[in-house]
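A.B. asks: For reference, the structure I am asking about is given below.
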Amino acid sequence: KSITNRALILAALADGEVTLTGALWSEDTQIMVECLQKLGFEIRVKNDPEEFCNRTITVKGLGGKIPNSGTGILPVNDRLEACPTELFVGNAGTAARFLSAFVCLGNGVYRLAGILRMNERPQAALFSALRELGYRVESENGNDKLPVKIFGGRSRGDETQIKKMGIDQRLLTSSPTKKCRVSIEESSQFASALLLCAKIGNWKVEVVGENAEESPYVAMTLKLIETFPKNGGTFQIEPDASSKSYFDAAKRLFPYSSEDMPEDRAAILRNPFDFLPENYLENLKQRLQVDDWFRHWIKLRKISRLEHLGDSIMTAIVIAPLDSEEKQFTDLGRLRVQETERVVALRTELTKCGAKVVEEGDTLTVWPSPLHGAEIETYNDHRMAMCFAILGLKVPGIKIINPACVKKTFPNFFQKLAAQPPKGLGATILDAKNGRKLTHQELFAE
């Protein structure tokens with residue numbers, strides 16, 4: 040998801056047609072495609088015959104131009120008001136942040152809004168940087184969060200109207216390089232948003248903040264910018280390492296030599312790459328994604344989100360009660376401002392299952408515990424659903440509320456769990472209401 044949404048922005052900025060192969064087709068990436076289409080970009084989407092949730096996406100890049108830029112200025116009750124192009128970003132943080140910078144390259148006014156949770160998530164560092172570049176950014180609730188109106192480099196109307204609308208005059212001509220500073224303390228997506236658009240916008244972006252957790256994501260953005268076909272061509276999206284972490288966790292729960300591994304499933308996890316594309320290992324060598332090293336870091340007794348893992352630390356936390364020793368998970372502050380308040384959610388739901396979990400500041404300590412089944416609240420958080428589903432492979436009676444929330448990043452997750460090897464794990468997944476085995480089609484999250 041992270042690479043696909045970055046690549047979609049770069050494709051729209053390219054000077055020519057770009058075809059993205061292996062692109063993830065999930066709620067977050069569909070939102071990005073729909074927003075780009077609303078901005079006027081021609082985008083074609085084709086099914087991938089090899090992988091159900093992948094797509095081949097072709098974008099006609101316009102070299103930094105944005106076709107649809109709102110209607111600009113309208114007189115309302117004897118004063119001028121913007122009539123913006125409306126962009127709905129759902130709960131997609133990458134779409135919200137990347138598009139906020141992207142629309143600054145346009146010629147009008149744009150309004151970005153999401154669902155309630157997205158509108159609660161932080162945006163201040165990004166909005167501050169855009170203002171430093173000279174753009175007008177108006178948070179509707181005065182809190183530097185969504186919904187927001189963003190005024191691009193020029194607006195439809197004469198210079199008098201533009202001046203009255205408050206658009207910086209420097210943005211109307213070929214200005215010298217504009218500079219800004221952005222902190223990655225809250226999220227690397229702020230820096231990535233600016234860096235993706237920096238060349239076209241003639242921006243010099245200074246990334247500040249010693250945040251080791253986020254540095255790999257900024258590095259991934261810079262690597263993508265460097266290798267992307269700027270004049271058109273084809274770009275291969277590598278598989279998602281954080282999604283792979285669920286299957287690495289399953290392997291840890293069911294090592295093939297373990298006595299409690301059912302004989303008919305003994306071969307499932309001998310090769311954790313069996314159900315991934317053939318070029319996965321080759322792509323893995325690029326080390327673009329922080330979660331590539333999940334299998335290595337999960338063995339530690341103390342795991343830091345700053346130093347070791349990104350979002351996949353949630354997977355490690357959920358299976359920690361099944362380990363043989365106490366584990367400590369530190370630097371979890373960022374989890375509090377994502378799809379839900381994840382630190383509290385993890386503690387609450389693990390406790391339901393019988394785990395001993397203590398929350399102190401931004402640290403969770405988890406002790407080995409005998410677990411039992413429970414009804415798991417997902418808080419509409421895709422990672423909560425997937426983490427506890429993996430726990431359910433080992434602990435009978437785990438029931439997932441709103442399992443369809445996995446559509447955000449991994450719509451066929453439960454199909455992968457249920458598919459027979461080598462395409463999946465061979466798990467049996469039942470309807471919690473009546474105990475009926477769910478069909479392959481029913482397991483797809485729509």
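With our numbering applied, the sequence shown covers 40 to 485. Every residue, glycine too, gets a C-beta built ideally from N, C-alpha and C.
1) Give the straight-line distance between the Cα atoms of Ala-16 and Glu-388, rounded to the nearest whole angstrom.
2) As an exercise, report each continuous beta strand (DSSP E) stretch of at least 3 residues that is fully enclosed by the segment 387-454, in chain order.
3) Report the rounded CA-to-CA distance for Phe-286 versus Pro-123, giving the unit in angstroms.
4) Three-state secondary structure (DSSP) at Asn-44?
5) Could you check where the alpha helix (DSSP H) with Val-246 kicks off and where it finishes?
6) In chain order, what residues of the same chain have a beta carbon less than 6 Å from the beta carbon of Thr-216, not counting five sequence neighbours either side?
7) Out of Leu-464, Gly-465, Cys-444 and Leu-235, state which residue places its alpha-carbon closest to the alpha-carbon of Met-485.
8) When the Cα of Pro-186 is compared with those of Cys-143, Val-246, Glu-125 and Lys-238, which residue comes out closest?
9) On a CA-only basis, which of Val-382, Asp-470 and Phe-449 is nearest Arg-344? Give me that one, please.
10) Any idea if Val-245 is buried or exposed, counting beta-carbon neighbours within 10 angstroms, 16 or more meaning buried?
11) In whole angstroms, what is the alpha-carbon distance linking Glu-56 and Glu-277?
12) For Lys-341 and Lys-366, what's the separation of their Cα atoms in angstroms?
13) DSSP on Thr-467, reduced to helix/strand/coil?
14) Between Arg-375 and the rest of its own chain, which residues show a CB-CB distance below 7 Å, the 5 nearest in sequence each way excluded?
15) Is it buried or exposed, Arg-475, if we count other Cβ atoms within 10 angstroms and call 16 or more buried?
16) For Phe-453 and Leu-482, I'd like the C-alpha separation in whole angstroms.
17) Taking just the CA atoms, how far does Leu-432 sit from Leu-169?
18) Bridge partners of Leu-63, per DSSP?
19) From the DSSP output, in three-state form, read off Gly-272 for me.
20) Taking C-beta to C-beta, are Leu-75 and Leu-49 nearer than 8 Å?
21) If you draw a straight line from the alpha carbon of Ile-201 to that of Leu-151, how long is it in whole angstroms?
22) Do Ile-468 and Lys-438 have their CB atoms nearer than 8 Å?
23) So, under 8 Å CB-CB, Ser-281 and Gly-372 are touching, yes? Tell me the CB distance rounded to an integer number of Å.
24) Which whole-angstrom value describes the C-beta separation of Gln-69 and Arg-136, a residue pair presumed to lie in contact below a C-beta threshold of 8 Å?
25) Identify, in the order they occur along the chain, each residue of the same chain with its Cβ nearer than 6 Å to the Cβ of Gly-102, setting aside the five sequence neighbours on each side.
26) According to the Cβ coordinates, are Asn-419 and Glu-378 closer than 8 Å?
27) Considering only C-alpha positions, which residue in the set Pro-106, Pro-268, Asp-370 and Ala-413 is nearest to Leu-144?
28) Drop a sphere of 10 angstroms on the beta-carbon of His-347, count the other beta-carbons inside from all chains shown, and report buried for 16 or more, exposed for fewer.
29) Below 6 Å CB to CB, which residues in the same chain sit around Thr-60 once its five sequence neighbours on both sides are set aside?
30) Taking the DSSP output, what are the residues bridged to Ile-189?
31) How is the alpha helix (DSSP H) around Val-357 delimited, first residue to last?
32) Counting only the same chain and skipping the five closest in sequence on each side, list residues whose C-beta sits under 7 Å from that of Arg-304.
33) In three-state terms, what does DSSP make of Phe-127?
34) For the putative contact between Ile-440 and Thr-417, defined by C-beta atoms under 8 Å, what is the C-beta separation to the nearest angstrom?
35) Where does Thr-369 fall in DSSP's three states?
36) Secondary structure at Pro-311, three-state DSSP: helix, strand or coil?
C.D. replies: Checking against the coordinates, here is how it stands:
1) Lying outside 40 to 485, the shown extent of the chain, residue 16 is not represented and no answer is given.
2) 395-399, 402-406, 413-415 and 437-439
3) 44 Å
4) helix
5) Run containing Val-246: none in the alpha helix (DSSP H); it sits in the beta strand (DSSP E), 242-247.
6) Asn-241 and Lys-243
7) Note that residue 485 corresponds to Glu in the displayed sequence, not to Met. Glu-485 has its Cα closest to that of Cys-444, out of Leu-464, Gly-465, Cys-444 and Leu-235.
8) Glu-125
9) Val-382
10) The question names Val, yet the displayed sequence has Glu at residue 245. Under this definition Glu-245 is an exposed residue.
11) 20 Å
12) 6 Å
13) coil
14) Arg-381 and Val-382
15) exposed
16) 6 Å
17) 46 Å
18) Asn-93
19) strand
20) no
21) With a pLDDT of only 38 at Ile-201, under the threshold of 50, the placement of this residue in the model should not be trusted; the figure read from the coordinates follows. Going from the Cα of Ile-201 to the Cα of Leu-151 covers about 21 Å.
22) no
23) Actually they do not touch by this definition, with Cβ atoms about 18 Å apart.
24) The Cβ separation is near 17 Å, so there is no contact.
25) Asp-54
26) yes
27) Pro-106
28) buried
29) Thr-95 and Gln-275
30) Tyr-149 and Val-176
31) 352-358
32) Because Arg-304 carries a pLDDT of 33, less than 50, the predicted location of this residue cannot be relied on, and the following value inherits that uncertainty. Gly-465, listed in sequence order.
33) strand
34) 6 Å
35) strand
36) Its pLDDT being 32, under 50, Pro-311 is placed unreliably in this model, and the coordinates cannot settle the point.
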